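Numbering (the working numbering), first residue to last: 46 to 171.
For every residue, glycine included, the Cβ atom is placed at its ideal position computed from N, Cα and C.
Note that this is a predicted model, so its numbers are computed, not measured.
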């Protein structure tokens, strides 16, 4: 990332969302602070590289706990076919879709996200 260019950050962040209106000045400022903090930036890059290198396909069937997958139908970061694959590999998962939503459904559609999650948590709690 170009450390001094907030418009570059705004453009990159907009790709996370279906509706770029969610890229607020506050979010851009937060991202700007993160990439200008060497320790935070190194940790984020390490996580991103690990996610790219490590295919979870062999690990997911080992997860025995209930899993709630809430996915944006227009996620460009981790596309919908990945959600479908995760759901088929996880032995105890449920997949829920949010339309007109990108990679961060909890930010883009918080009410709908919570409307899905709350009853799911109640159900698994028994």
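Cutting at 8 Å between CB atoms, please list the residues of its own chain near residue 122, excluding the five before and the five after it. Counting only Cβ-Cβ distances below 8 Å, and skipping sequence neighbours, we find 60, 61, 147 and 148.
Tell me the DSSP secondary structure of residue 90 in three-state form. helix
Quick one: Cα of residue 85 to Cα of residue 79, how far? Between residue 85 and residue 79, the C-alpha separation is close to 6 Å.
Are at least three pairs of beta-carbons, each pair with one atom in the segment 68 to 83 and one in the segment 50 to 58, less than 8 Å apart? yes
Return the CA-CA distance between residue 132 and residue 140, expressed in angstroms with no decimal places. 6 Å
On the three-state DSSP scale, how would you describe residue 140? strand
Residue 55 to residue 67, Cα distance in whole Å? 10 Å
Three-state secondary structure assigned by DSSP to residue 110: coil
Taking all protein chains shown into account, do 16 or more other C-beta atoms lie within 10 angstroms of the C-beta of residue 120, making it buried, or fewer, making it exposed? Of the residues assessed, residue 120 falls on the buried side of the cut-off, its CB having 16 or more other CB atoms within 10 angstroms.
Just to confirm before moving on: does the CB-CB distance between residue 115 and residue 150 stay below 9 Å? yes
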